[in-house]
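**Student:**
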Amino acid sequence: FTTLLLVVFAIEVVTGVTGQVIYATVPSALTRLERHGLSRLVEDLYGEETTTEQSVVELIGTINAKTWNDIKRKVEASTGGINDRMNGTYDPPTALAAGKKHLADAMQNIPMSDADRLTLDRVLESRYRLVDIKAQLLLHRRLKRWLIARVATATALVNLLVFHIFTALTIF
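Taking this note's numbering as reference, the numbering of the sequence shown is continuous, increasing by one, and the terminal residue is 211.
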């Protein structure tokens, strides 16, 4: 029984350290993302994620299919991933401007109509917003998972400790 108590205590310490790391990194990343118009409730973010995904699909549908197949990887490379959003220097407007420049440089030799280029800019902006939303949701999920683990181990520790004290008092 004492071994179980020590194991739960060790898990409690590990979740405490994990919480320190999470609370040293997640709030600053959330603040960076929320500062530029993404400050929403988690429930609202789920809806916005769905709406933005649909918007991207609709915009892509207006671009010539062959052209989209040729440029899809370039757009995705210009957008970046969720891990890019975790970087301490990430700034959404600056990153979007850099992504547009990167895409424009990559698209110089590809013939496209002006309408397709404007649509492509809108696709890139929407994809940036979508990845920012996904990053924010990921950060909220990290906080939620940690909180559940922390509360569960703290509850187990308190119950085991009370039981241990009670058995120690009744034995002697």
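Backbone N, C-alpha and C fix where the C-beta goes; we use that ideal spot for every residue, glycine too. Please read these numbers as outputs of a predicted model, since none were measured by experiment.
(1) For residue 92, which residues in the same chain have their Cβ closer than 7 Å to its Cβ, ignoring the five residues on either side in sequence?
(2) Suppose contacts are defined by Cβ-Cβ distances below 8 Å. Is residue 61 in contact with residue 182 by that definition?
(3) Per the contact definition of three or more C-beta pairs closer than 8 Å, is the segment 51-61 in contact with the segment 181-196?
(4) Quick check: what's the CA-CA separation for residue 206 versus residue 56?
(5) Assign residue 47 to one of two classes, buried (16 or more other C-beta atoms within 10 Å of its C-beta) or exposed (fewer than that).
(6) For residue 205, does the three-state DSSP call read helix, strand or coil?
(7) Return yes when the Cβ of residue 166 is within less than 8 Å of the Cβ of residue 114, no when it is not.
**Tutor:** Answer, in terms of the structure:
(1) For this step, residue 92 is matched to residue 53 along the sequence shown. So the qualifying residues of the chain are 169.
(2) As a working note, residue 61 is residue 22 in the sequence shown. As a working note, residue 182 is residue 143 in the sequence shown. Yes, these two residues count as a Cβ contact at 8 Å.
(3) Verdict: yes, contact present.
(4) One-based indexing of the sequence shown puts residue 206 at position 167. One-based indexing of the sequence shown puts residue 56 at position 17. So the two alpha carbons sit approximately 30 Å from each other.
(5) Stepping through the sequence shown from its first residue, residue 47 is reached at position 8. Buried is the call here.
(6) As a first step, residue 205 is located in the sequence shown; it is residue number 166 there, counting from the start. Residue state, collapsed to three classes: helix.
(7) Position 75 of the sequence shown, counting from 1, holds the residue named residue 114. Position 127 of the sequence shown, counting from 1, holds the residue named residue 166. Result yes, Cβ atoms of residue 114 and residue 166 sit closer than 8 Å.
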